[in-house]
Structures are given as structure tokens and as C-alpha cells.
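Down below is the structure, laid out as C-alpha cells.
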């Protein structure tokens, strides 16, 4: 399981289904999910991932101390500041680019495997932060807007725990 965690002042995802792409392009409409200060988490799942990976990664992110304390030192977690979380599935985090210039995603998990783990990740994050999290929509065409704070961007992979 791979995650890109961005500390944000705000973030939103606009979700478009394949059916409404033409409408979106002409009218600029789509379902929106928005958060204030907190984390935007881009999450990729591979076939080897398990619920243990979900639990480890959620705890790591929920306890990640990258928010300023009173002395302007990154010493507070998302839990400490009561921040919000937006989680967006991102199979392209498993891009393979070794051959040529067109990436392939054969390492990304199948829908059947990935969706339950993505949903478990979102539910576990809600438990850790004590509030609902915003989500994208698995497999949908999405547009993400954010104001990165810092910027602070951290990549995590459950296969590199040490």
C-alpha cells in the first residue's frame, strides 16, 4: 500500500462519472467533497496488501507529527489539531516506468481486491481522527484542488516499514 500525504490548508475533489464528463466540460459541475486544514491522502493498493497494511498505514498517518506547535515546530498530529482528511484512491502510484515512456499499472491491485481495502482504510481513518473523512470515488474521473501547506508532502509504502 502506498500513500502520498500532503499537509493542506484546504482540499477538494470533484468527482465525475463517465456519464457526465460532457456535462462537466461544458458546465463545470460535478459532485464535490471538500475539507479544511488537514491531510490530502492519495492511496494506492496492490494485490499483496492486507488489512495489516491498512492498520499500519492509518496509524502512521494519524500520528504523523507535521503540524506546528506553539513554538512553530512540527510536533502535532492530525489528531492533535482536530484536522480533516480527504482520501482519494490513486492506482497510478503503482506505475511501472522501467520500459519505454508509457507507464503500465500491472502492479496495482484489481478492483475486487482494492475497493474493500480502500473502504477499510477510510473507515479506520475515521476511527483514528474521530470524525468522518472525505473521499473520492473509486474508479471515477476526478479533479483535485488543494492549497498545500508548507509544502509538506510525505510518501509512505507499507513494504518499506523500516
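Residue numbers (this note's numbering): 9 to 170. Yeah, the Cβ is synthetic: ideal placement off N, Cα and C, and Gly gets one too.
| How many Å lie between residue 131 and residue 158 at the Cα? | 27 Å
| Pairing CB atoms from the stretch 115 to 124 with CB atoms from the stretch 67 to 77, are three or more of them under 8 Å? | no
| field | DSSP bridge partner residues for residue 150 (one or two, in chain order) | value | 23
| query | What's the gap between the Cα of residue 81 and the Cα of residue 74? | reply | 8 Å
| field | Candidates 53, 96, 105, of which the one nearest residue 167 by Cα | value | 53
| query | Taking the runs of the alpha helix (DSSP H) that are 4 residues or longer, which of them lie wholly in the stretch 93 to 146? | reply | 119 to 137
| Would DSSP call residue 76 helix, strand or coil? | strand
| field | Contacts around residue 3, its chain only, beta-carbon distance under 6 Å, and the 5 residues preceding and following it disregarded | value | Past the boundaries of the shown model lies residue 3; the chain is included only from 9 to 170, so the question cannot be answered.
| Close-in-space but distant-in-sequence residues of the same chain around residue 59 (CB under 8 Å, 5 per side omitted) | 125, 128
| query | When we look at the beta-carbon of residue 30 and count the other beta-carbons within 10 Å, is it buried (16 or more) or exposed? | reply | Note that residue 30 has pLDDT 49, beneath the 50 cutoff, so the model's placement of it is unreliable and the number below is only indicative. Its Cβ having fewer than 16 others within 10 Å, residue 30 is exposed.
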